[in-house]
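Residue numbers (the working numbering): 72 to 357. Heads up, the thing below is written out as structure tokens.
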């Protein structure tokens with residue numbers, strides 16, 4: 072089964088280099104590492120050392136982007152690139168995530184074993200990392216530094232999501248056939264929010280399952296806490312409204328509920344999510 076690891080990048084160069092380093096530690100590596108650059112010339116012009124003789128690196132890009140990055144559209148471009156190259160298993164991973172050395176192998180063997188109604192969206196366990204030290208992360212020892220709240224499953228335990236509206240993950244996988252059967256990614260989502268929740272909802276709506284794969288771990292780099300700015304708030308409102316238009320309910324995810332609870336965005340009965348007047352200025356003042 073030919074596999075493709077698909078990511079997007081918008082100036083996350085250190086993160087991308089760590090992702091490549093993580094891939095290189097695997098006994099089983101993807102056949103293709105598909106990198107879609109969002110107006111990032113350093114990537115599209117080949118100025119980063121992200122290639123290897125162990126896999127094929129496929130680079131494409133979207134030449135212009137607005138502040139609300141078209142991440143979902145870029146990931147779908149990555150799918151097209153991967154399928155054209157002959158990929159049968161599509162593994163989506165955020166640029167700030169580092170694959171465990173067993174991730175590709177575990178996804179491939181679990182997908183081939185099957186056992187769930189299709190289409191199936193398989194997702195990785197998430198290992199959250201503390202801040203990196205002065206020399207960066209020790210990629211061969213990431214499992215030793217996973218924070219306790221990551222809640223990795225014990226061997227043999229399998230978790231199936233019941234509601235797609237609550238699903239979000241930095242790394243998930245689908246076969247070529249299941250991706251098509253579920254309708255693929257909705258490319259109208261922006262800034263890396265909502266597309267995974269939407270796809271999981273589509274999978275469950277098509278009679279399939281969303282399944283957590285034990286032993287397939289994506290390590291999430293530490294991200295400093297920042298106040299939401301105008302772009303973040305506008306993206307959240309756009310994506311929440313889009314999800315409601317498509318599915319008739321609100322996504323039940325942290326990125327939305329925290330903004331609602333903080334009275335930064337408001338959900339209206341007509342299915343629109345709007346940014347509260349003065350919210351961005353209030354957050355900036357804080």
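From the three backbone atoms N, C-alpha and C, an ideal C-beta is built for every residue, glycine too. Keep in mind that this is a model prediction, so the values were computed, not measured.
Open item on the list: Classify residue 212: buried if its beta carbon has 16 or more other beta carbons within 10 angstroms, exposed otherwise.
Closed with: exposed
Task: Extent of the continuous beta strand (DSSP E) run through residue 132 - done: 127-133
Open item on the list: Which same chain residues end up closer than 6 Å to residue 190 when comparing Cβ atoms and leaving out the 5 residues on each side of it in sequence?
Closed with: 249, 252, 253, 274, 277 and 279
Task: Alpha carbon of residue 157 to alpha carbon of residue 244, nearest angstrom - done: 16 Å
- [ ] Could you name the residues of the same chain whose beta carbon sits closer than 7 Å to that of residue 271, not counting the 5 residues immediately before and after it, in chain order?
- [x] 192, 232, 235, 238 and 281
- [ ] Per DSSP, which residues does residue 255 bridge with? Please list them.
- [x] According to DSSP, residue 255 bridges with nothing at all.
Open item on the list: Between 335, 342, 341 and 340, which has its C-alpha nearest residue 348's C-alpha?
Closed with: 335
TODO: Can you have a look at residue 90 and say buried or exposed, based on whether 16 or more other CB atoms are within 10 angstroms of its CB?
DONE: buried
Task: Residue environment, residue 333, which counts as buried when at least 16 other CB atoms sit within 10 Å - done: exposed
TODO: Report the residue from 183, 186, 209 and 131 whose alpha carbon sits nearest the alpha carbon of residue 172.
DONE: 209
Open item on the list: What does the Cβ neighbour count give for residue 143, buried or exposed, with the cut at 16 atoms within 10 Å?
Closed with: buried
Task: Short Cβ contact (9 Å threshold) for residue 76 with residue 175 - done: yes
TODO: Give the secondary structure of residue 263 by DSSP, where H, G and I count as helix, E and B as strand, and everything else as coil.
DONE: coil
Open item on the list: For residue 195 and residue 289, which I take to be in contact (beta-carbon distance under 8 Å), what is that distance rounded to the nearest angstrom?
Closed with: 4 Å
TODO: Take residue 315 and list the residues in its own chain whose beta-carbon comes closer than 7 Å to its own, dropping the five residues that flank it on each side.
DONE: 321 and 342
TODO: Just tell me which of 93, 97 and 148 has its CA closest to the CA of residue 108.
DONE: 148
Task: For residue 194: DSSP bridge partner residues - done: 243 and 283
TODO: Note down the Cα distance separating residue 311 from residue 318, rounded to an integer number of angstroms.
DONE: 11 Å
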